[in-house]
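Here the structure comes first, spelled out in structure tokens, and everything after it is commentary.
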Amino acid sequence: MAEEIQISKDQSASASASPLNGRVAIVTGGSRGIGRAIAVHLHYLGAKVVINYASSRTQADQLAVELNAAAAEHRAIAVRGDVSDRDQVKHLFVDQWASR
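Under this note's numbering, read the sequence shown as residues 4 to 103, first letter to last.
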């Protein structure tokens, strides 16, 4: 059973003064488990979060929606990618936030 992580607007609002504000964090396996918890925490600290997933699209998309709803600005996106493929890794780093 997946543990649900609560995300509040108050938590996200306090992130504006954090050292990760304006930084981008790519969390592989970010749609569930430990990766999900890490994505939530990095978002809480002010980072823009790329939630990388291989097969759990619904969970990754839902997490991005939850994180964005808790923030004043959209700072989370879900991106499918195989981190063992160089071109897909480049896509994670270069193409995603540059186009937003």
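For glycine and all other residues, C-beta sits at the position ideal for the given N, C-alpha and C.
Would you tell me roughly how many angstroms separate the C-alpha atoms of E76 and L95, rounded to the nearest one? When rounded, the distance between both Cα atoms is 20 Å.
Within this structure, are the beta carbons of V53 and I29 separated by less than 7 Å? yes
Cβ neighbours of M4 in the same chain (closer than 8 Å, five flanking residues each side left out): For M4, the pLDDT reaches just 40, beneath the cut-off of 50, and the residue's location in the model is therefore unreliable, leaving the point undetermined.
Go ahead and pull the three-state DSSP assignment for R83. strand
Less than 8 Å between the CB atoms is what I'm expecting for S34 and L66, so what's the real figure, rounded? 6 Å
Is it true that the CB of A81 sits closer than 7 Å to the CB of D64? The answer is yes: Cβ separation under 7 Å.
Taking the beta strand (DSSP E) that A28 falls in, what are its first and last residues? V27 to T31 is the extent of the beta strand (DSSP E) around A28.
First and last residue of the beta strand (DSSP E) that includes V52? K51 to Y56
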